[in-house]
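Here's the structure we're looking at; comments come further down.
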Amino acid sequence: MAIWQYTFFIIPNNNVPLDNFSPIIDEEGLFNDNLYWTNKETHISFFEEIGNIIPKNKSWSQQIVLFGKENTNCIEVYNENEYVTSVSFRVDFRTDYGSILKQIVSFCLKKDLLLIDEELKVVPLDFEIINKYFEDRKKIWQR
3 MAIWQYTFFI IPNNNVPLDN FSPIIDEEGL FNDNLYWTNK ETHISFFEEI
53 GNIIPKNKSW SQQIVLFGKE NTNCIEVYNE NEYVTSVSFR VDFRTDYGSI
103 LKQIVSFCLK KDLLLIDEEL KVVPLDFEII NKYFEDRKKI WQR
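So for the sequence shown, the working numbering puts the first residue at 3; every next one is plus one.
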């Protein structure tokens with residue numbers, strides 16, 4: 003992933019303790035977000051309204067519903083037999099991402115979803131907090 007991009011995992015809340023989130027790590031040492039989805043049995047249609055925020059596009063894989071473009075702002079909904087197994091949201095700092103970010107935060111609040119950052123911490127669903135973090139990161143890569 004490029005330095006000008008940032009990726010979040012999106013998981014269902016499922017009563018996850020926000021102040022004491024303990025990510026599930028697989029045997030390879032990677033975050034295993036699919037365990038948060040498999041118990042929930044969420045159909046991919048749950049994410050259809052994302053198409054109003056970021057246009058739906060054709061993915062390279064039949065197991066990924068892609069909103070946006072793979073190399074910029076996008077949401078990828080991984081699925082097996084049309085049931086969600088993983089969701090990620092990528093932000094591209096080179097774009098005017100503010101509107102998209104606001105709407106994704108609103109969607110997550112409405113659907114009781116959590117954003118997990120690259121450090122595997124729960125992110126407050128507050129546009130101003132997330133945007134401030136991004137503005138600080140942009141200063142670093144623009145040097």
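Don't be surprised by glycine CBs; every beta carbon is placed ideally from N, CA and C.
{"Item": "Count the other CB atoms, across all protein chains shown, that sit within 10 Å of the CB of D35; report buried if there are 16 or more and exposed otherwise.", "Value": "buried"}
{"Item": "Just reading off the alpha helix (DSSP H) that F91 is part of, what are its end residues?", "Value": "That residue, F91, is in no alpha helix (DSSP H); its beta strand (DSSP E) goes 85–94."}
{"Item": "Take every Cβ of the stretch 66–83, pair it with every Cβ of the stretch 115–123, and state whether three or more of those distances are shorter than 8 Å.", "Value": "no"}
{"Item": "Threshold first: 4 residues or longer. Then list the alpha helix (DSSP H) segments lying entirely within the stretch 61–141, N to C.", "Value": "100–113"}
{"Item": "Between the alpha carbons of C110 and I12, how many angstroms are there, rounded?", "Value": "8 Å"}
{"Item": "Mark W39 as exposed unless 16 or more other C-beta atoms lie within 10 angstroms of its C-beta, in which case mark it buried.", "Value": "buried"}
{"Item": "CA-CA distance, K1 and V18?", "Value": "The structure shown does not extend to residue 1, since the chain is modelled only from 3 through 145, so no value can be given for it."}
{"Item": "Starting from T9, trace the beta strand (DSSP E) in both directions and tell me its first and last residue.", "Value": "7–14"}
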